[in-house]
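The sequence shown begins at 9 in my numbering and counts up by one.
For each residue, glycine too, the CB sits at the ideal point set by N, CA and C.
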Amino acid sequence: MKKFLITLCMMLILPVFADTMPFYMNSIPKDAIGMYQTGESITIFSHPEANSRVVKTFDFSYTPESMPDNVFALLLNEKKLGFLYVSDIGDEGWVEVIFNKMTGEKGWVQTEDRFQFLPWLSFYNMYGRKYGLRLMKDAPEDAQILHAKSEDLSQNISTLKFVKFIKVTAIRGNWALVTAVDVDKIGKTGYLKWRDSNGKIYAFPNIR
């Protein structure tokens with residue numbers, strides 16, 4: 009009983025970390041085309057029209073204990089930075105977002121500025137270049153190879169095994185020009201395939 013009480017007290021004292029980040033390839037929906045950055049609140053509509061039915065409303069405090077589960081594609085509470093997956097785009101700034109990752113429920117929101125919705129290439133150019141990349145935990149072996157050119161059949165420069173960090177210089181289609189430091193602590197520059205031709209994502213911006 010004493011041990012149980014001690015454990016309970018520790019759980020209550022320790023801070024709650026409810027940040028969200030995709031670490032596995034299957035955690036990113038196949039139909040996702042980019043990211044929508046949330047604000048303090050969002051209203052989700054059934055159609056890309058302001059007079060359509062309201063499907064869901066959210067108010068975000070960005071305190072870990074109050075944030076909803078299974079909503080965010082990426083969430084850093086301390087930075088008040090959250091993103092939802094976008095699955096489609098409409099006219100006049102409307103985008104379709106996935107607001108329940110478990111059920112796949114979707115709805116439409118209207119962006120407030122041109123940076124609130126970022127297609128994958130824009131998202132990687134902005135956040136990948138700023139923070140670098142990290143390989144997904146289940147990325148296949150061929151995704152861990154640095155190439156001399158942005159082509160599958162180009163010369164292999166190195167195979168990344170225990171990556172320390174991956175710095176991005178440029179994003180070119182499905183490839184990123186990077187400098188990677190592996191367990192040998194020697195920087196190697198080449199092209200890393202961050203997604204395949206079917207949109208399966210192998211590497212994600214290491215936002216922190």
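Neighbour-count burial assignment, N34, 16 or more Cβ in a 10 Å radius: Translated into the one-based positions of the sequence shown, residue 34 becomes position 26. Exposed, since its Cβ has fewer than 16 Cβ neighbours within 10 Å.
Buried or exposed by the 16-neighbour rule on C-beta atoms within 10 Å, applied to Q163: Position 155 of the sequence shown, counted from the first residue, corresponds to residue 163. Q163 comes out exposed.
Exposed unless 16 or more other CB atoms sit within 10 angstroms - verdict on T167: Residue numbering aside, residue 167 sits at position 159 when the sequence shown is read from its first letter. Exposed, since its Cβ has fewer than 16 Cβ neighbours within 10 Å.
Counted within 10 angstroms of its Cβ, other Cβ atoms place M110 as buried (16 or more) or exposed: Residue 110 sits at position 102 when you count from the first residue of the sequence shown. Around the beta carbon of M110, fewer than 16 other beta carbons lie within 10 angstroms, which makes this residue exposed.
Per-residue DSSP class, three states only, for E73: Working through the sequence shown from its first residue, we reach residue 73 at position 65. In this structure, E73 counts as helix in the three-state DSSP scheme.
Spatial distance of M18 from P72 (CA atoms): The sequence position of residue 18 within the sequence shown is 10, counting from 1. The sequence position of residue 72 within the sequence shown is 64, counting from 1. Model confidence at M18 stands at a pLDDT of 40, short of 50, so the residue's coordinates are unreliable; what they give is reported in the following sentence. Each residue's CA atom was taken as its position, placing M18 and P72 some 17 Å apart.
Terminal residues of the alpha helix (DSSP H) in which F131 lies: Residue numbering aside, residue 131 sits at position 123 when the sequence shown is read from its first letter. Start and end: 128-131.
Secondary structure of M144, DSSP reduced to three states: On the sequence shown, residue 144 is found 136 positions in, with the first residue counted as 1. When DSSP states are grouped into helix, strand and coil, M144 belongs to the coil group.
The beta strand (DSSP E) enclosing M43, as first and last residue numbers: By 1-based counting over the sequence shown, the position of residue 43 is 35. Counting along the chain, M43 sits inside the beta strand (DSSP E) bounded by residues 42-45.
Rounded separation between N133 and K172 - CA only: The count along the sequence shown starts at 1 and reaches residue 133 at position 125. The count along the sequence shown starts at 1 and reaches residue 172 at position 164. Straight-line Cα distance between these residues: approximately 21 Å.
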